[in-house]
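Counting with numbering that gives the first Met the number 0, you get residues 0 to 269 for the letters of the sequence shown.
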Amino acid sequence: MEFNPARLRFYRETEKPEAAIDLALAALYIAQETHPELDPEEYISALDVMAEELKEKVDHEHYPLRIVQKINHYLYEELGFQGNEENFYDPRNSMLNEVLDRRKGIPITLALVYLEVARRIDFSMVGVALPGHFLIRPNREDMQIYVDAFHKGEILFIEDCQQRINAAYGQEVPIQPAFLEPVGARQFLARMLTNLKIIYLHSREFEKSLGAVERILWMFPTAPVERRDRGLLCYRLERWQEARADLETYLNQFPSASDAKDIRQLLDDM
Numbered sequence: 000m001e002f003n004p005a006r007l008r009f010y011r012e013t014e015k016p017e018a019a020i021d022l023a024l025a026a027l028y029i030a031q032e033t034h035p036e037l038d039p040e041e042y043i044s045a046l047d048v049m050a051e052e053l054k055e056k057v058d059h060e061h062y063p064l065r066i067v068q069k070i071n072h073y074l075y076e077e078l079g080f081q082g083n084e085e086n087f088y089d090p091r092n093s094m095l096n097e098v099l100d101r102r103k104g105i106p107i108t109l110a111l112v113y114l115e116v117a118r119r120i121d122f123s124m125v126g127v128a129l130p131g132h133f134l135i136r137p138n139r140e141d142m143q144i145y146v147d148a149f150h151k152g153e154i155l156f157i158e159d160c161q162q163r164i165n166a167a168y169g170q171e172v173p174i175q176p177a178f179l180e181p182v183g184a185r186q187f188l189a190r191m192l193t194n195l196k197i198i199y200l201h202s203r204e205f206e207k208s209l210g211a212v213e214r215i216l217w218m219f220p221t222a223p224v225e226r227r228d229r230g231l232l233c234y235r236l237e238r239w240q241e242a243r244a245d246l247e248t249y250l251n252q253f254p255s256a257s258d259a260k261d262i263r264q265l266l267d268d269m
């Protein structure tokens with residue numbers, strides 16, 4: 000099978016050991032599939048320049064909370080980064096090059112910018128995949144604060160996270176330790192790709208949605224929902240043989256799934 004060059008670069012980057020994956024570069028390879036003219040090094044350099052400017056502002060600062068406040072001032076007040084609340088589902092919000100150019104994004108891509116700039120000034124932070132909203136936090140056991148990159152770096156405490164979870168579920172849901180676990184590079188990229196999968200599905204761009212699913216499955220080959228979704232997208236694209244293989248595998252793994260009856264009906268209709 001021949002792959003788009005950007006797809007191949009993404010595959011090569013994400014087959015590395017988890018700690019060796021360059022998150023920004025992999026995110027740019029996601030964008031490069033849509034923007035083949037994109038030069039990833041240009042945007043890596045832009046992040047480097049941002050970090051150099053920021054480093055001068057935080058030099059000799061040792062208190063993590065003050066460093067967060069200075070990062071916030073630099074990114075949101077000086078550079079004008081902001082959450083795109085007016086057009087949240089614009090696919091450009093999920094493309095790192097567009098986020099850097101337009102200074103607009105969604106929680107996970109603004110978190111990516113924040114993480115990459117912080118890493119370059121030796122201030123380690125990690126992503127936190129809270130249900131319904133992506134946050135970041137300093138990578139320190141002695142400091143339980145969370146940063147909302149979508150809302151201008153708003154600083155949150157565990158009680159605020161609980162409120163966000165309740166809002167996401169529409170009811171009170173006790174916070175689980177797993178909700179606050181650091182997100183690895185592959186999980187981070189999979190969440191970005193899941194956003195794109197859904198956006199393209201809603202706009203009926205099934206080939207693009209399939210491309211997002213294929214990249215998730217490259218990183219997580221046994222993910223049952225993604226295998227099912229690949230089968231459903233192949234069905235939409237009239238790729239019957241591939242659709243059947245994925246959907247039958249899904250049913251074999253989960254014969255009592257809530258959507259099993261509908262999947263069996265699709266298979267009967269092929």
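Each residue gets a CB set at the ideal place from its N, CA and C atoms; glycine is no exception. Source: prediction; values computed, not measured.
With a cut-off of 8 Å on Cβ pairs, the region 215-230 is not in contact with the region 153-172, counting fewer than three such pairs. Residue 236 places its beta carbon 9 Å or farther from that of residue 265. Beta-bridge annotation (DSSP): residue 107 is not paired with any residue. Residue 146 counts as buried, since at least 16 other C-beta atoms from the protein chains shown sit within 10 angstroms of its C-beta. If you draw a straight line from the Cα of residue 254 to the Cα of residue 240, it is about 20 Å long. Judged by DSSP in its simplified three-state form, residue 256 adopts coil rather than helix or strand.
For residue 164, the closest C-alpha among the options 137, 135, 131 is that of 131. Between the alpha carbons of residue 185 and residue 23 lies a distance of about 12 Å. When Cβ pairs closer than 8 Å are counted between the two stretches, the region 136-146 is seen not to touch the region 49-57, the count staying below three.
At a Cβ-Cβ threshold of 9 Å, residue 211 and residue 230 do not count as neighbours. Residue pairing by DSSP puts residue 127 in a beta bridge opposite 134, 181.
Here residue 42 has 23, 27, 95, 96, 99 as same chain residues with Cβ atoms under 8 Å from its own Cβ, once five neighbours each way along the sequence are excluded.
Per DSSP, the continuous beta strand (DSSP E) segment holding residue 146 begins and ends at 145-147. In the DSSP annotation of this structure, residue 51 is not part of any beta strand (DSSP E); the continuous alpha helix (DSSP H) holding it starts and ends at 39-57. For residue 213, the enclosing alpha helix (DSSP H) stretches over residues 205-218. Taking residue 115 as the centre and dropping the five residues before and after it, the same chain places the C-beta of 23, 46 closer than 6 Å to its C-beta, in chain order.
Less than 9 Å separates the beta-carbon of residue 134 from that of residue 148.
According to DSSP, residue 153 shares a beta bridge with 147. Between residue 227 and the set 249, 56, 200, the nearest pair of CA atoms involves 249. In the DSSP assignment, residue 98 falls within the alpha helix (DSSP H) that extends over 95-101.
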